[in-house]
Amino acid sequence: MASTPSTMMPLGTTAPDFSLLNTVTGDTVTLQTLKSDTATVIMFICNHCPYVKHVQGELVKLAKDYQPKGIAFIAINANDVVNYPDDSPDKMKVVAQQLGYSFPYLYDETQEVAKAYQAACTPDFYVFDKDLKCVYRGQLDDARPRNDAPVTGKDIRVALDAILAGEPVNPEQIPSIGCNIKWK
């Protein structure tokens, strides 16, 4: 299990638009149809990565806590499914349903969206404000599969709470760590 840090997109970057398959509904969706007028969380995740598996329950809780407050959540998988068939769209749908994802789980077949976001690992997290400007990128929290830190989502929760309070998000942010995106 190689550890890859996120590349940390520059703060203030506008979220790149996309049009991707929602593996649960079978529809093609865009950032413009999914974004929130409050804040939008974009997560690069997958099915097989032990770092993602370690935090899946918290991703569900985080979305359920903040979606009622107007925050949108979007999960994207950009892994090469030829070499990593566990990350295929049909298996993405199964995982989303089994875990009760209340957010769309999108498939980035060309990997162009992951490249546009400078995503490097799974999980990789981004928070965009109402104007789709990046205000947070980095880790969910300090928990990793091989440490005893609790999975709380605290780093993203602090960023979202600041947005909801109308306060600036602290620019001191820690990169996420995970498996590298499986590039073609």
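Numbering (our numbering), first residue to last: 15 to 198.
Each residue gets a CB set at the ideal place from its N, CA and C atoms; glycine is no exception.
Tell me which residues share the same chain as residue i and place their Cβ nearer than 6 Å to its Cβ, disregarding the 5 neighbours each side in the sequence.
i	result
Gln70	Leu113
Asp31	Leu45
Gln125	Ala92
Tyr80	Leu174
Gly167	Glu72, Leu76, Leu154 and Asp155
Asp138	Ser20, Phe58 and Ser190
Ser17	Ile191
Can you name the residues that DSSP bridges to residue i?
i	result
Asp138	Phe58
Cys63	Partner(s): none; Cys63 has no beta bridge.
Gly180	Answer by DSSP bridge pairing: none, since Gly180 is not bridged.
Ser33	Thr44
Tyr150	Val141
Tyr131	Paired residue(s): none; Tyr131 is not in a bridge.
Thr18	Gly192
Tyr119	Ala89
Ala53	Ile85 and Asp143
Following the continuous beta strand (DSSP E) through residue i, name the residue where it begins and the one where it ends.
i	result
Leu154	It is not in any beta strand (DSSP E) - Leu154 carries neither H nor E in the DSSP assignment.
Ala89	Ile85 to Asn91
Asn161	First-last for Asn161: undefined, no H or E at that position.
Leu25	It is not in any beta strand (DSSP E) - Leu25 carries neither H nor E in the DSSP assignment.
Ile191	Ile191 to Asn194
My guess is that residue i and residue j are in contact by the Cβ rule of under 8 Å, so how many angstroms apart are they, rounded?
i	j	result
Ala128	Ala92	4 Å
Pro19	Cys148	Rounded, the Cβ-Cβ distance is 17 Å, inconsistent with contact.
Leu35	Thr42	6 Å
Arg151	Gln187	6 Å
Locate the alpha helix (DSSP H) running through residue i, then write down its first and last residues.
i	result
Ala110	Pro103 to Leu113
Val96	Segment: none, Val96 is in no alpha helix (DSSP H) and carries neither H nor E.
Please state whether the Cβ-Cβ distance between residue i and residue j is less than 8 Å.
i	j	result
Tyr131	Met22	no
Val66	Ile59	yes
Ala53	Lys144	yes
Ala89	Ser50	no
Tyr121	Pro103	yes
Thr37	Tyr119	yes
Lys198	Asp100	no
Leu25	Pro182	no
Considering only residues of the same chain and omitting the five flanking positions on each side of residue i, which have a CB-CB separation below 7 Å?
i	result
Tyr98	His62 and Lys196
Phe117	Ala77, Phe87, Ile88 and Ala89
Could you tell me if the beta carbon of residue i falls within a distance shorter than 7 Å of some heavy atom in the ligand PLP?
i	result
Phe58	Absent from the structure shown: the ligand PLP. Ligands present: none.
Counting only the same chain and skipping the five closest in sequence on each side, list residues whose C-beta sits under 8 Å from that of residue i.
i	result
Leu146	Thr28, Ala29, Leu45, Lys49 and Thr54
His68	Ala157, Arg158, Pro159 and Val165
Lys105	Asn61 and Pro99
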